[in-house]
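This report refers to the structure that appears directly beneath it.
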Amino acid sequence: MDLRVEGIEKTFAGIASGERRTILGGVSFAAAAGSIVCLLGPSGCGKTTLLRIIAGLEAPDRGRVTVGERVVGGPLREIGYITQEPTLLPWRTVLHNVELGLEIAGIPREERRAAAMRHLELVELSGFDGYFPKQISGGMKQKVALARSLAVGPRVLLLDEPFAALDAQTRNSLQEVLLHVQACTGTTIVFVTHNVDEAVFLGDAVLCMTAHPARVGKSVAVDVPHPRDRTGPELNALRKELLAFLAEERQRARDATGSERRPA
Amino acid sequence: MSGGRGGNRLLQLLPVVAVAALWEGLGAAGVIPENRLPSPLRVLAGLVELLSRGLPPGSGLLGHCAASLRRVFGGVGAALAVAIPLGLLVGRSARLRSLVHPFIELTRPIPPLAWVPLAILWFGIGDLSAVFIIFLGAFFPILLNTVSGVLAIERGLLEAAVLLGASRRDLFLKVLAPGATPAIMTGVRIAVGVGWMTLVAAEFTGVRSGYGLGYLIMTARDIQRADLIVAGMLVIGLIGFAMDALIRTLERRLLRWR
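Dropping the structure here:
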């Protein structure tokens with residue numbers, strides 16, 4: 265199902281100063297059904313706020329999000345959301361965590377067990393169903409979170425720097441798991457990251473965010489078929505282009521804050 | 002493995018046996034006056050007497066235990082039934098928290114025993130009064146622990162459930178209640194301890210039915226039998242110890258995931 269994000273604006277009042285700060289200054293983009301869109305931007309540029317709005321956890325001041333024909337006004341089962349820190353329920357086993365959404369949906373026991381097992385297999389975690397979250401590694405926890413999200417059949421999956429806390433090896437292998445899952449399910453994916461390598465390896469399109477306020481500054485299509493060569497010339501060229509843009513953006517942000525501070 | 006642990010437990014008993022032997026020796030040597038603090042063997046004999054003859058005669062020890070346990074379970078059970086749901090609600094809502102806070106903090110410092118006169122006025126002398134007093138003692142530890150248990154649950158866990166379509170009811174049953182269980186168990190352990198302590202005192206004053214360990218001890222005092230007083234105290238200690246062990250076992254099983 266395709267996702268459209270149109271003119272999202274969000275302003276927060278600073279807790280101490282009371283001064284209002286615009287975090288999102290009219291963010292617009294679209295993700296075609298079954299595509300992977302990577303949002304690339306510096307930490308603190310409002311990517312998480314944007315994803316929370318798309319997920320229906322927060323309301324924008326202006327603009328709207330539509331999934332297929334539906335306007336998002338609150339959490340929807342069509343939209344899955346995976347955070348940087350896996351939010352598994354520690355008192356549930358891996359299997360029961362994956363079953364959570366199905367349980368809430370009222371799926372009978374046998375059926376949901378079978379579905380959960382199928383999704384654990386999809387993320388390559390067969391055999392770990394009886395473990396508690398504290399007994400498995402961070403990468404495995406993210407796989408469980410992925411399986412839990414997928415089990416309810418979302419049409420759009422939002423991922424907020426899901427592999428940022430993992431080591432490089434684990435991150436690479438989880439990226440491959442994600443691509444495999446996406447190929448199997450056809451889920452539309454919006455993937456937030458600050459990692460250029462990750463963005464060009466996963467994305468069909470990479471959108472660069474500007475900061476203060478956040479907008480989509482540059483959009484790059486990645487027309488490289490999977491499986492992609494992480495160090496091949498195509499991805500390297502894209503990487504170069506994106507890094508140049510990000511450096512420019514940093515300079516611009518520095519100049520802007522510098523001129524603000526200069527006494528009149 | 003289990004043999005080793007059993008051995009350890011026996012080893013733990015050794016100092017207890019040693020102290021009892023010393024006490025017995027001091028009693029036999031006349032250092033400790035028998036009529037003030039009876040020797041361990043006299044206490045054991047008293048225990049046998051309580052079991053066989055009963056005090057008052059015909060009221061056996063098991064009957065006293067059963068009556069006391071019934072009151073404790075009644076009071077603590079009622080406290081669980083009220084304090085856990087209330088604690089989950091109060092933990093969830095900041096508004097409700099600020100609303101009930103003054104009531105809780107005003108009521109909590111009042112010792113349960115200060116309620117005895119009012120309890121007797123309301124419920125008369127009898128089981129219901131004792132249950133009410135125990136309820137009051139057990140209520141606050143469970144309530145406050147449940148609230149802090151809910152507050153300790155990460156917001157991300159609640160959001161994850163909401164994103165999967167959880168209703169309010171789902172949130173309470175699938176996230177808040179299990180998430181607060183470690184804290185609730187701590188509250189239950191404290192509550193059972195407090196309940197047990199409150200019970201005996203409540204029975205000193207508020208029970209007429211002729212059964213109960215507190216009543217038993219007061220009766221023993223009336224007939225100047227220190228050995229039976231200490232025997233009654235010993236039974237209270239043993240039951241309290243057993244209940245705590247039971248709750249710990251339950252806690253270990255419920256909180257396997259930690």
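In order, the protein sequences belong to chains A and B.
Under the numbering used here, residues 265 to 528 are what the first sequence spells out, in order.
Under the numbering used here, residues 2 to 259 are what the second sequence spells out, in order.
Each residue gets a CB set at the ideal place from its N, CA and C atoms; glycine is no exception.
Item to check | Run of the beta strand (DSSP E) containing residue 333 of chain A, from where it starts to where it stops | outcome: According to the DSSP assignment, residue 333 of chain A belongs to no beta strand (DSSP E), since it is labelled neither H nor E.
Checklist entry - residue 471 of chain A bridges to which residues according to DSSP? => result Residue 471 of chain A is bridged to A:303, A:483.
Next on the checklist: Comparing C-alpha positions only, which one of B:111, B:112, B:133, B:110 sits nearest to residue 121 of chain B?
Outcome noted: Nearest of B:111, B:112, B:133, B:110 to residue 121 of chain B, Cα basis: B:133.
Checklist entry - How do the segment 138 to 158 of chain B and the segment 105 to 120 of chain B stand: do at least 3 beta-carbon pairs fall below 8 Å, yes or no? => result Yes: the two stretches touch, three or more of their Cβ pairs being nearer than 8 Å.
Next on the checklist: Just to confirm, is the Cβ distance from residue 287 of chain A to residue 327 of chain A under 8 Å?
Outcome noted: Against a cut-off of 8 Å, the Cβ pair of residue 327 of chain A and residue 287 of chain A comes out as no contact.
Checklist entry - For residue 71 of chain B, which option in B:258, B:161, B:135, B:228 has the closest C-alpha, if you only look at C-alpha atoms? => result The candidate whose alpha carbon is nearest that of residue 71 of chain B is B:135.
Next on the checklist: Comparing C-alpha positions only, which one of A:387, A:493, A:358, A:367 sits nearest to residue 171 of chain B?
Outcome noted: For residue 171 of chain B, the closest of A:387, A:493, A:358, A:367 by C-alpha to C-alpha distance is A:367.
Checklist entry - So, are the CB atoms of residue 363 of chain A and residue 382 of chain A less than 8 Å apart? => result Result no, Cβ atoms of residue 363 of chain A and residue 382 of chain A do not sit closer than 8 Å.
Next on the checklist: Among B:50, B:25, B:186, whose alpha-carbon lies nearest the alpha-carbon of residue 38 of chain B?
Outcome noted: Nearest option by C-alpha distance: B:25.
Next on the checklist: Contact criterion: CB-CB distance below 8 Å. Does residue 153 of chain B meet it with respect to chain A?
Outcome noted: Chain A contact via Cβ: absent.
Checklist entry - In three-state terms, what does DSSP make of residue 182 of chain B? => result Looking at residue 182 of chain B - three-state DSSP - the assignment turns out to be helix.
Next on the checklist: By the three-class DSSP mapping on this structure, what secondary structure does residue 73 of chain B have?
Outcome noted: Looking at residue 73 of chain B - three-state DSSP - the assignment turns out to be helix.
Checklist entry - residue 344 of chain A to residue 154 of chain B, Cα distance in whole Å? => result The straight-line gap from Cα to Cα measures roughly 22 Å.
Next on the checklist: Along the segment 339 to 351 of chain A, where does the CB come closer than 8 Å to a CB of chain B? Name the residues.
Outcome noted: Correct list: 339, 341, 343, 344, 345, 347, 349, 351.
Item to check | Bounding residues of the alpha helix (DSSP H) (the contiguous stretch that carries residue 407 of chain A) | outcome: Start and end: 402 to 415.
Checklist entry - Do you know how far the Cα of residue 146 of chain B is from the Cα of residue 291 of chain B? => result It is not possible to answer for residue 291 of chain B, since the shown part of chain B is limited to 2 through 259.
Checklist entry - When burial is assigned at 16 or more other CB atoms within 10 Å of the CB, is residue 280 of chain A buried or exposed? => result Result: exposed.
Checklist entry - For residue 344 of chain A, which beta-bridge partners are listed by DSSP? => result Answer is A:421, bridged to residue 344 of chain A.
Checklist entry - Can you give the beta carbon distance from residue 182 of chain B to residue 255 of chain B, rounded, assuming they're within the 8 Å contact cut? => result Between residue 255 of chain B and residue 182 of chain B the Cβ distance is about 6 Å, and since that is below 8 Å, they are a contact.
Item to check | Neighbour list for residue 354 of chain A in chain B, Cβ cutoff strictly below 7 Å | outcome: Close to residue 354 of chain A, with beta-carbon spacing below 7 Å, are these residues of chain B in chain order: 258.
Item to check | Amino acids of chain B, ordered along the chain, whose beta-carbon sits closer than 8 Å to that of residue 365 of chain A | outcome: Here the neighbours are 165, 166.
Checklist entry - For chain A, is any of its Cβ atoms less than 8 Å away from the one on residue 160 of chain B? => result Taking 8 Å as the threshold, the shortest C-beta distance from residue 160 of chain B to chain A falls below it.
Checklist entry - Can we say the segment 509 to 523 of chain A touches the segment 475 to 484 of chain A, given the rule of at least three CB pairs closer than 8 Å? => result Yes, the segment 509 to 523 of chain A touches the segment 475 to 484 of chain A.
Checklist entry - Can you list, in chain order, the residues of the segment 14 to 48 of chain B whose Cβ is nearer than 8 Å to any Cβ on chain A? => result So the list is empty, because no residue satisfies the distance condition.
Item to check | Neighbourhood of residue 310 of chain A by C-beta distance below 6 Å, restricted to the same chain and skipping five residues each side | outcome: 287, 288, 478.
Next on the checklist: Going by DSSP in three states, residue 46 of chain B sits in which element: helix, strand or coil?
Outcome noted: Looking at residue 46 of chain B - three-state DSSP - the assignment turns out to be helix.
Checklist entry - Can you name, in chain order, every residue of its own chain whose Cβ lies under 6 Å from the Cβ of residue 392 of chain A, other than the five neighbours on each side? => result Apart from sequence neighbours up to five positions away, the residues of its chain that approach residue 392 of chain A with a beta-carbon distance below 6 Å are 358, ordered along the chain.
Checklist entry - Can you tell me where the alpha helix (DSSP H) with residue 148 of chain B in it begins and where it stops? => result Run containing residue 148 of chain B: 128 to 152, per the alpha helix (DSSP H) assignment.
Checklist entry - Which runs of the alpha helix (DSSP H), 4 residues or longer, sit entirely within the segment 162 to 231 of chain B? => result If we require 4 residues or more, the alpha helix (DSSP H) runs fully inside the segment 162 to 231 of chain B come out as 178 to 207, 214 to 223.
Item to check | Assumed close pair residue 14 of chain B, residue 93 of chain B - CB separation to whole angstroms, cut-off 8 Å | outcome: No, residue 14 of chain B and residue 93 of chain B are not in contact; Cβ-Cβ is about 46 Å, not under 8 Å.
Checklist entry - From this set, A:464, A:513, A:485, A:514, which residue's C-alpha is nearest residue 496 of chain A's C-alpha? => result Among A:464, A:513, A:485, A:514, the Cα nearest to that of residue 496 of chain A is on A:464.
Next on the checklist: I'd like to confirm the pairing. Which residues does DSSP put opposite residue 337 of chain A in its beta bridges?
Outcome noted: DSSP, once it has assigned bridges, lists no residue as partnering residue 337 of chain A.
Next on the checklist: Strictly under 8 Å for the Cβ-Cβ distance: is residue 92 of chain B near chain A by that measure?
Outcome noted: It does not; no Cβ of chain A falls within 8 Å.
Item to check | Cβ-Cβ distance between residue 442 of chain A and residue 405 of chain A below 8 Å | outcome: In this structure, residue 405 of chain A does not lie closer than 8 Å to residue 442 of chain A by Cβ.
Item to check | Buried versus exposed, by CB contacts within 10 Å (16 or more), residue 160 of chain B | outcome: Buried.
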